[in-house]
Amino acid sequence: MSLLSSPAKKKTDAVLLTSVSQAKNWVQDLPLTNMGEVTRVLYQSLVALNQHPLAPAVRIEITEVLLPYVNIALENLDRHFSTRSFPLPERSQKVFDLKQALQLELAGSYQLAALDMLTRGGDSQKRLTVAIGRAIRYMGRTLVNSYGIYVKSKPNIWHDIHHLYLLACENLVHQKPIPESLDGRSEPFTIESYYKLFNLVALGVPNSLRQGEIDRLEKFFASVINTVDILDDVDSIKGDYAHIALLNSDEPAALMPASEVLNSPTSRIFDVSKIEDVLKDFIQMTSNSSFGLHEDQPMLNRGLANRLLSRLTSSSSRKNKRFDRDDVAGVVMRLSDVFSVVAVSGATEESVEETTNAEDELYEKLSYGEAASSPWVEIDIETSLEDTDIEIQPWYIDNSSAKGYCFRQKVIEPSSARVGEVLALRDPADQSDNWQIAVIRWMDFYRDKGLCFGAELLSPRAVSISISAIINREVPQRLPINGLMLPKIEAIRDEPSLLLPGHMLLIEDILKINIGDREEQVQLIAIDECLGSFAYCQYVVLDQKDNEPDEEESDFSDVWDFI
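Printed below as a string of structure tokens:
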């Protein structure tokens, strides 16, 4: 053997840990330079630990010895985890599954210890606080992880969290500080604070959040968690709605009418009125900020704050009946491709007006649930724009209404779908061949049927435009800027609007826009950047006659003679 050859990596086997001293000796031999091996033996040892009967005090102390190393393994897994597309690529999905399993085994060990202590009795409140606090914390982490990739949480997790919190209340440890771990990491919250935090995150309707917003939402709620009170009396509810958790359910807290809330020992009512005040103040402070940011709440922007306030104060209900469908639609995602596909289709203001009757027939059929005949066969939609780089994807229409669609993947693979993104779609029931414009409102991923999303219809038709100049100020962006005009539609939109890239324009900007062969000057009077990751703009057309030379006033001198 060469003297320069690498020494063989030391392999540590997973073992059944039955004493604290054994656990301390075992973790000293973990090969921390090989995190894959460390993660494997930690996971397997936790599985063995949870299947073996132990005294609750011993189980807690062994798990506390393992905890710092499990945290290291979890942090390492995050480095191999990518959420650039949904559903997750295969490698990221495996990393996600392992991280979830590791956290649940860790939480399970603490949960077993807590339940054993309460069954046997006679153990310390400090150990009970550790066991329940850490169990809720790591169960909650699996929930937030699932929300971040639009996956439904595993059954019984919320049931266990509610049960553990109830046990903490009954044993008067729910407001006690959780002791720090052996590596010196202090717990920032009490058991009750963790319970409030994870319920508040769920109240934010995670499947309607945009990519990456779940982490910002959690950090915001963590910063204001001490302003939330848990009420035990229905008469203390302020307002028309209550945020209530049922401790005997497998669901998080939900918004419901205050009139429907009953006094019950198994319910908890969250008073979030002070959080609502914080959000209202933030929205007011950022009303004149182009990016909607403020140093007081660095986790928020104005769009997220507006949407969050809406989730906490109003109940969304479907006002339009949905009808099951079994069609395949062509869908174009990414803002630039949506602009391009409308431009390539050649839609003009005149052609838009000519298709109104066909669209009225389509929406009348959808409103009554009638099956509209499809001009497409099992669609070869990739060939419809074969001379362009625009990708048209086939998606199943699971159901539809006059206001939107529920889509499901035809092929389960990573896609460019994102909550808040605009998309163009061609419904096979629409014989006008228009590209309809919609925005993705929510997403859910199911392993058996792939990614599903709900799309709210913004307009059944659109016209391509371009901004050739921003007259009132200098801008760093390169011109022209492409966009869409969404025309006036009776009973939907009283005036035409513009759909443009987000965080680029300001209210009162004066734009020179090209619509087909016509040029107009318009002024923006309102910009909505909460609707999606784009700017939805209202505008007025400026009177360009002011810029034209005045006609000379006639003195009629040549008229006097012949009259």
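Taken in order, the sequence shown gives residues 1 to 563; the numbers are from the numbering used here. All residues carry an ideal CB built from backbone N, CA and C; glycine is no exception. Quick caveat, the model's predicted, so the values are computed rather than measured.
Residue burial classification, residue i (beta-carbon count within 10 angstroms, cutoff 16)
i           : result
residue 239 : exposed
residue 623 : Outside the shown range of the chain (1 to 563) lies residue 623, about which nothing can therefore be said.
residue 304 : buried
residue 507 : exposed
residue 174 : buried
residue 302 : buried
residue 103 : buried
residue 227 : exposed
residue 52  : exposed
residue 120 : exposed
residue 152 : exposed
residue 16  : exposed
residue 288 : exposed
residue 377 : Only weak support is given to the placement of residue 377: the predicted model assigns it a pLDDT of 35, under 50, and the value that follows is read from those uncertain coordinates. Exposed, because fewer than 16 other Cβ atoms sit within 10 Å of the Cβ of residue 377.
residue 381 : With a pLDDT of only 43 at residue 381, under 50, the local geometry of the prediction cannot be trusted, and the value read off the model is given with reservation. The residue is buried, with at least 16 neighbouring Cβ atoms inside 10 Å.
residue 78  : exposed
residue 130 : buried
residue 518 : exposed
residue 471 : exposed
residue 314 : exposed
residue 33  : exposed
residue 265 : exposed
Rounded separation between residue i and residue j - CA only
i           : j           : result
residue 427 : residue 400 : 10 Å
residue 252 : residue 208 : 16 Å
residue 29  : residue 49  : 18 Å
residue 249 : residue 157 : 10 Å
residue 536 : residue 482 : 14 Å
residue 75  : residue 19  : 27 Å
residue 417 : residue 298 : 27 Å
residue 499 : residue 511 : 13 Å
residue 275 : residue 501 : 31 Å
residue 185 : residue 31  : 22 Å
residue 476 : residue 527 : 19 Å
residue 486 : residue 433 : 16 Å
residue 263 : residue 430 : 51 Å
residue 188 : residue 529 : 34 Å
residue 281 : residue 146 : 31 Å
residue 342 : residue 300 : 33 Å
residue 522 : residue 488 : 16 Å
residue 261 : residue 321 : 27 Å
residue 337 : residue 225 : 42 Å
residue 140 : residue 199 : 9 Å
residue 326 : residue 447 : 20 Å
residue 503 : residue 539 : 17 Å
residue 176 : residue 124 : 13 Å
residue 211 : residue 419 : 7 Å
Beta-carbon proximity check, residue i vs residue j, cutoff 8 Å
i           : j           : result
residue 394 : residue 439 : no
residue 168 : residue 197 : no
residue 422 : residue 532 : yes
residue 217 : residue 312 : no
residue 113 : residue 161 : no
residue 69  : residue 133 : no
residue 414 : residue 86  : yes
residue 149 : residue 220 : no
residue 231 : residue 241 : no
residue 237 : residue 267 : no
residue 155 : residue 116 : no
residue 463 : residue 390 : no
Residue i - partner residues in DSSP beta bridges
i           : result
residue 518 : 515
residue 396 : 328 and 408
residue 22  : Paired residues: none, contrary to the question.
residue 426 : 330
residue 469 : 512
residue 459 : 437
residue 450 : 446
Integer Cβ distance of residue i from residue j, believed to fall under 8 Å
i           : j           : result
residue 138 : residue 63  : Not a contact, Cβ separation roughly 11 Å.
residue 396 : residue 455 : Not confirmed; about 13 Å, so no contact.
residue 164 : residue 135 : 6 Å
residue 484 : residue 467 : That belief does not hold up - the Cβ atoms of residue 484 and residue 467 are roughly 12 Å apart, past 8 Å.
residue 66  : residue 98  : Not a contact, Cβ separation roughly 16 Å.
residue 505 : residue 524 : 6 Å
residue 339 : residue 407 : Wrong, their Cβ atoms sit about 21 Å apart, outside the cutoff.
residue 436 : residue 425 : 5 Å
residue 142 : residue 100 : 5 Å
residue 308 : residue 279 : 6 Å
residue 272 : residue 214 : Their Cβ separation, rounded to whole angstroms, is 18 Å, which puts residue 272 and residue 214 out of contact at 8 Å.
residue 105 : residue 46  : 4 Å
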